[in-house]
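With the working numbering applied, the sequence shown closes on residue 1033, and no number is skipped along the way. C-beta: ideal position from N, C-alpha, C; glycine also. Some notes on the structure that comes next.
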Amino acid sequence: MKNTVKILTIAVLFAISYQSFAQTFGIKAGLNLANMTIKDDEETYSDDLKMRPGFNVGGMVEITLVNDLSLQSGLFISQKGYKYEFDDNWKGSVSLLYAEIPVTAKYTFDVGKVGIYGETGPYFGMGLTGWYKSEFEGEKDSDNIVFGKDEDFKLLDIGIRFGAGVEISSVQIGLYYDLGLANISHDDSGGYKMTNKVLGFTVGYWFGNKK
């Protein structure tokens, strides 16, 4: 997995620096509906978890490869986590902020003046900070969440993105689904695993002429 990440990173940096490809830059922001899958070898513990609203925001770049095929990437701040509510006595939420780089192959076809696209590829996330809030029988509690070795969660998150949307002139409207593959929990005994999943809605704007 580490070698794969290195190879993909080198490939992306090479593609961005290689001037024979047309490059377009832009900004994008939107809404995240985040949740998490929590399970082990015997049971799934996340069936009663609820989506937590959050945000995504950042800069994007598109590198045209051939015809309607391009490589889309960028650097984003993405809010993940989940909400929970058990009976009327115990409720709360977990919020996790990541710096995230998606690297997707994007295919666009035109219908009149509207470009319709689909995209898929990996994403790589690094945990920045987080917090949780809970309330049990009227007693409230909250604290910060720390990423890293021997901390609350692992630093890195890796997964696959599936997306689609439309582009009208310089405006992009899209949605995506991020399926986390990496276990962000330090505890893996008995097959225990925690993975992120996010349904995102975005609006973006490309600077300059979009080719």
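Q: Look at F1029 and G848 and say whether their C-beta atoms are less than 7 Å apart.
A: yes
Q | Best match in N878, I860 and Y954 for proximity to L1021 [C-alpha to C-alpha] | A | N878
Q. Counting pairs of beta carbons, one from the stretch 946-961 and one from the stretch 907-926, are three or more of them closer than 8 Å?
A. Counting C-beta pairs closer than 8 Å gives three or more between the stretch 946-961 and the stretch 907-926, which meets the contact rule.
(Q) Taking a contact to mean a Cβ-Cβ separation below 7 Å, would you say Y945 touches D1009 in this structure? (A) no
Q | Residue(s) in a DSSP beta bridge with I1006 | A | Note: I1006 sits in no beta bridge, so no partner.
Q | Three CB pairs or more closer than 8 Å across the stretch 891-905 and the stretch 860-879 | A | Segments in contact, yes.
Q) Helix, strand or coil: how does DSSP classify S992 here? A) Look at S992 here: in three-state DSSP terms it is coil, with no helix or strand label.
Q.
In whole angstroms, give me the CA-to-CA distance for I995 and V988.
A. Roughly 5 Å between the two C-alpha positions.
Q: Give me the Cα-Cα distance between M948 and I1006, rounded to the nearest whole angstrom.
A: 11 Å
Q | Endpoints, beta strand (DSSP E) assigned at S915 | A | W912 to P924
Q) Does the beta-carbon distance from G943 to A921 come in below 7 Å? A) no
Q: Tell me whether G1012 is buried or exposed, calling it buried when 16 or more other Cβ atoms sit within 10 Å of its Cβ.
A: exposed
Q: Let me know if G850 comes out buried or exposed under the rule of 16 or more other beta-carbons within 10 Å of its beta-carbon.
A: According to the sequence as given, residue 850 is Lys; it is not Gly. When all chains shown are included, K850 counts as buried.
Q) With burial defined as no fewer than 16 other Cβ atoms inside 10 Å of the residue's Cβ, what is the status of E961: buried or exposed? A) exposed
Q) Would a C-beta distance cut-off of 7 Å place G985 and E941 closer than the cut-off? A) Contact: yes.
Q) Nearest-angstrom Cα distance between K861 and G896? A) Going by the C-alpha atoms only, they are around 31 Å apart.
**Q.** The beta strand (DSSP E) enclosing D862, as first and last residue numbers
**A.** Counting along the chain, D862 falls outside any beta strand (DSSP E), and DSSP gives it neither H nor E.
Q: Measure how close the beta-carbons of N854 and Q901 come, nearest whole angstrom, since I'm counting them as under 8 Å.
A: Correct: roughly 6 Å between the Cβ atoms.
Q. Is T868 helix, strand or coil when you go by DSSP?
A. Per the sequence presented here, residue 868 reads as Ser, with Thr not at that position. Coil, per DSSP.
Q. Distance, Cα to Cα, Y939 vs V968?
A. Y939 and V968: Cα-Cα distance of roughly 37 Å.
Q) Hey, how far is the Cα of D972 from the Cα of V993? A) 43 Å
Q) What are the start and end residues of the beta strand (DSSP E) that includes L950? A) Unbroken beta strand (DSSP E) run through L950: V936 to F958.
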